[in-house]
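Trainee: Attaching a single structure in structure tokens format; questions to follow.
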Amino acid sequence: MADLETFRAETRAWLEANCPAECRGPLDNDEDRVWGGRQATFKTPAHKRWMDVMAARGWTAPQWPTEYGGGGLDREEAKILASEMRRIDAQMPLSSFGIWMLGPALLQFGTEEQKKRFLPEIVRGEIRWCQGYSEPGAGSDLAAVQTRAEDRGDHWIINGQKIWTSYADKADWIFCLIRTDPEAPKHLGISFVLFDMATPGVTTKPIELISGKSAFCETFFDDVRVEKENLVGTLNRGWDVAKALLAHERTMIGAVGDMGRPMSQVAVDSIGLDDAGRLYEPMLRAKIAELEIDAAAFRLSMERVGDQVKAKQVSPAIASMLKYYGSELNKRRHELAMSAGGSDALEWESERSNHGTPARDWLRTKANSIEGGTSEVQLNIIAKHLLQLPGA
Amino acid sequence: MPLILTEEQTMLKEAADGFLSENAPISALRKLRDSRDADGLSRDLWKAFGEMGFAGVIIPEEHGGSGLGAVEAGIVAEGLGRTLTPSPYFGSSILAARVLIDAASAEQQAAWLPKIAAGDAIVSLALDEGPKHQPNRIATTAERSGNGFKLNGAKGFVLDGHIADALIVAAKTDGGVTLFLVDPKTSGVEIERTVMVDAHNAARVTLTDVQVDADAVIGDVDAGEAALEGALNLGRACAAACLTGAGDQAFATTVEYLKTRKQFGKLIGEFQALQHRAAHLFTELELAKAATLGALQRLDAGAPKADLAVSVAKAKAGRVAELAVQEAVQMHGGVGMTDEFDVGLYMKRVRVLNELLGDAGFHAEKLARAGGY
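Below, the structure is given as structure tokens:
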């Protein structure tokens, strides 16, 4: 315990000294996030500095082993780091599908060469990754992917189309589910493959959504040559990798259920308090209090699941629970934000509204319960694996 | 602190659950209810509970207790929620014991704590006055009189009040609230047992010119609110644990039923409409468990704002348990409505636990206030 207290004190002092003022406080919008990559953009030079100093300590991926550039922290230390960052409202130094999704899968399934090659780059934010899972015919029924690889000895030739590929137009590399054995049952003929988005034959096209902006793309593969060394895990057993990775993705999407300014603050700023110090709208006030209770319970649930995972007391299907609840919670949060914002939140184009950020964010959340497997799919998984209900 | 039980806590949980399921299954509650038992609980069972160290879970070892913390108190409460066992646990072992440990004089502690721990005496907290929990609005008065005070007022929802060996009465004094240790046999004390919907015990207590000596005061005059606060926080967190236990048990019964009951030629658990509701309920229960353990751990750590974590837990566990018992009755269909079947007993108990020490609305209000909105 004493060691942890020392760790907390040192971490606090280090963050105070190294987290620039520009990198504290809530982000105005999604575009201000630091994503890294070859075409990285930073809102201010301080944001680049913040990413670099955190990466140098491995604290962009605090719990990865130090030999791959990670922070080597145990779970208790990582919790302390997170709480100390929250304390000063420090922004995330690096947002990264590499850290959230691919990295954990590589740690579990990758070869030593793959780990040494890819993980340190991910930690330092040098390579930005996107995920090639969904296809026009394979959304929630993910194992129905049709993008296929032709075996050419030391390499494959890949053809097909992916959809809903977040940030494909800005990503450097893709991790992808590809059908490598068309004869096998649908779960058993898929492989998990990595390749550079700059490879000839890869093209992307953004998709416009109801929010008027989006990170989503359609991605096309036209005779793309991929070396076989970029296979992760066993040939035709990519589904195992995909499942493990989906658990991370679901936990990540679930985690958005607890981000941003407290809804009560948003509402107070917008509509003000009455003489008794209560929000002017009693029904809204009650709904916000209920949301904040659920959000607090959800936060503890995420923490508890993490502790259960560490103690090996938990089924992987529990990620479905976090994904389901977190995304529904986030949708509720944004409905309330729109309600609290009233007519101000309806502005679609104005400096005042930061180009319609509240409305666009609200619309964007409607995808939370679709992407990464719909809420209904998550409930099916809970019913089947956790409750063992018949025929689920 | 990881949000999971330690090895010792897991052992305590197994011991408490094992003891309760063996010695106090739901049939014990039915027997007490159907025989219109005068006490409404089993004294022998409570004594055995004391011998196991559960009645004195938070009482220091020098007073004969187990000297454990809030997490352990919550573990026992959760077990009581699973079996619906009527016992003086909340009133005596949690609320009264906490007040006495935190605020009472050495003489008062020596007189009562060992007896509470052994299951020999029942001490009850007389706090609530109206039908809703409003600890900040106490109308009962204590006026200086003779070498002590004269109490006047009326209390309700006094847990086990009809069989209490002592009452801790909260009354208004000139500069605040003061707590008094009152012998229920004192002239002017009238106690009416109120048989409640869940067949657990509570009483109404009327105080008419009840004369008590100065040494009946617990802690300092006017300083009762601070002494109450610790007890209320622990009581609420334990009520959350009890709600979680009751909700979880009702849910487990329901899931079993979904796997065995056939309708329209299939198991009803095969219907997606019911699967999704069950999966949603599972998720909500996991949140309630996390919120409850988080609150109990914060109490043990003496964390700032632990009271707010307790409000989150009580509100969340209350709503979730309510959903669990409602779904239990609905998914069981007609059988769920019968007295013979147990789920109705869970529904009744959850209703009472929700009112106990503030319902979800009370705690939401508390959080909103603390949040400045």
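In order, the protein sequences belong to chains A and B.
Quick note: the first sequence uses the numbering used here, first residue 1, plus one each step.
Quick note: the second sequence uses the numbering used here, first residue 1, plus one each step.
Yeah, the Cβ is synthetic: ideal placement off N, Cα and C, and Gly gets one too.
Enumerate in chain order the residues of its own chain whose CB-to-CB distance from A/Gly-201 is below 7 Å, with the five nearest sequence positions on each side excluded.
Mentor: Phe-221, Asp-222, Asp-223, Val-224
Trainee: Based on Cα-Cα distance, which residue from B/Val-310, B/Phe-362, B/Glu-61, B/Asn-147 lies nearest to B/Val-71?
Mentor: B/Val-310
Trainee: What would DSSP say about A/Pro-206, mapped onto helix, strand or coil?
Mentor: strand
Trainee: Buried or exposed for A/Glu-208, please, with buried defined as at least 16 other CB atoms from any protein chain shown within 10 angstroms of its CB.
Mentor: exposed
Trainee: Just to confirm my understanding: we take B/Gly-64, look at its own chain, exclude 5 residues before and 5 after, and list those with CB closer than 8 Å. What are they?
Mentor: Gly-56, Leu-113, Pro-114, Ala-117, Ala-118
Trainee: Which residue from B/Leu-125, B/Glu-143, B/Met-196 puts its Cα closest to that of B/Asp-165?
Mentor: It is B/Leu-125 whose Cα lies nearest to the Cα of B/Asp-165.
Trainee: Mind checking A/Trp-129: buried by the 16 CB within 10 Å criterion, or exposed?
Mentor: buried
Trainee: Which chain B residues sit within Cβ distance under 8 Å of A/Asp-307?
Mentor: Those within 8 Å of A/Asp-307 in chain B are Pro-2, Leu-3, Ile-4.
Trainee: Considering only DSSP beta bridges, list what A/His-155 is partnered with.
Mentor: A/Glu-227
Trainee: With distances taken Cα to Cα, identify the nearest neighbour of B/His-276 among A/Leu-142, A/Gly-391, A/Leu-379.
Mentor: A/Leu-379
Trainee: In the DSSP assignment, find the alpha helix (DSSP H) that holds A/Ala-289 and state where it starts and stops.
Mentor: 282 to 310
Trainee: For the alpha helix (DSSP H) containing B/Lys-155, name the first residue and the last one.
Mentor: Where B/Lys-155 is concerned, there is no enclosing alpha helix (DSSP H), although the beta strand (DSSP E) it sits in stretches over 148 to 159.
Trainee: Counting beta carbon pairs with one atom in the segment 273 to 287 of chain A and one in the segment 300 to 308 of chain A, are three or more of them shorter than 8 Å?
Mentor: no
Trainee: With 16 other CB atoms within 10 Å as the buried threshold, where does B/Asp-198 fall?
Mentor: The residue is buried, with at least 16 neighbouring Cβ atoms inside 10 Å.
Trainee: Please report how far the alpha carbon of A/Met-338 lies from the alpha carbon of A/Met-263, in whole angstroms.
Mentor: Rounded to the nearest angstrom, the gap between the Cα atoms of A/Met-338 and A/Met-263 is 11 Å.
Trainee: Would you call the CB atoms of B/Gly-235 and B/Arg-204 closer than 9 Å?
Mentor: no
Trainee: Count the C-beta pairs between the segment 41 to 58 of chain B and the segment 380 to 391 of chain A that are closer than 8 Å, then say yes if the count reaches three, no if not.
Mentor: The segment 41 to 58 of chain B makes no contact with the segment 380 to 391 of chain A; the number of CB pairs closer than 8 Å stays below 3.
Trainee: Are the C-beta of B/His-276 and some C-beta of chain A separated by less than 9 Å?
Mentor: yes
Trainee: Out of A/Trp-59, A/Glu-121, A/Thr-6, A/Gly-391, which has the shortest C-alpha to C-alpha gap to B/Lys-266?
Mentor: A/Gly-391
Trainee: What are the boundary residues of the alpha helix (DSSP H) that B/Ala-97 is part of?
Mentor: Counting along the chain, the alpha helix (DSSP H) containing B/Ala-97 begins and ends at 97 to 103.
Trainee: On the DSSP bridge assignment, give the partners of A/Ile-163 in chain order.
Mentor: A/Glu-218
Trainee: Just to check my reading of the structure: A/Thr-165 and A/Cys-217 have Cβ atoms closer than 8 Å, yes? What is that Cβ distance to the nearest angstrom?
Mentor: So it is a contact: roughly 5 Å between Cβ atoms.
Trainee: Among the candidates A/Asp-172, A/Gly-372, A/Arg-278, whose CA atom is the shortest distance from the CA of A/Gly-36?
Mentor: A/Asp-172
Trainee: Please tell me whether B/Leu-357 and B/Leu-232 are closer than 9 Å, where the distance is taken between their beta carbons.
Mentor: Cβ atoms of B/Leu-357 and B/Leu-232: closer than 9 Å.
Trainee: Can you name the start and end residues of the beta strand (DSSP E) that B/Asn-201 belongs to?
Mentor: 201 to 213
Trainee: Among A/Ile-253, A/Leu-235, A/Pro-93, A/Pro-26, which residue has its Cα nearest to the Cα of A/Trp-50?
Mentor: A/Pro-93
Trainee: Determine the chain B residues that contact A/Pro-390 at a beta-carbon separation under 7 Å, and present them in chain order.
Mentor: By Cβ distance, chain B contributes Lys-259, Leu-267, Gly-269, Glu-270.
Trainee: Any idea what DSSP makes of B/Leu-378, helix, strand or coil?
Mentor: In this structure chain B extends from 1 to 373, so residue 378 of chain B is not present and cannot be described.
Trainee: So A/Ala-412 and A/Arg-124 are supposed to be a Cβ contact under 8 Å. How far apart are they, rounded?
Mentor: Residue 412 of chain A lies beyond the stretch modelled for chain A, which goes from 1 to 392, so this question has no answer here.
Trainee: What number of angstroms, rounded off, separates the C-alpha of A/Asp-274 from the C-alpha of B/Leu-299?
Mentor: 33 Å
Trainee: In whole angstroms, what is the alpha-carbon distance linking B/Asp-39 and B/Gln-326?
Mentor: Whole-angstrom Cα-Cα distance: 30 Å.
Trainee: Taking CB distances under 9 Å as the criterion, tell me whether A/Lys-310 reaches chain B.
Mentor: yes
Trainee: I'd like to know if B/Tyr-346 contacts chain A, where contact means its C-beta is closer than 9 Å to some C-beta of that chain.
Mentor: No, B/Tyr-346 lies away from the interface with chain A (no Cβ there is under 9 Å from its Cβ).
Trainee: State the DSSP-derived secondary structure class of B/Gly-176, mapped to helix, strand or coil.
Mentor: strand
Trainee: Using a beta-carbon distance below 9 Å, is A/Glu-303 in contact with chain B?
Mentor: By this cut-off, A/Glu-303 is an interface position.
Trainee: Is there at least one Cβ from chain A nearer than 9 Å to B/Lys-374's Cβ?
Mentor: Because chain B spans 1 through 373 in this model, residue 374 of chain B falls outside it and cannot be assessed.
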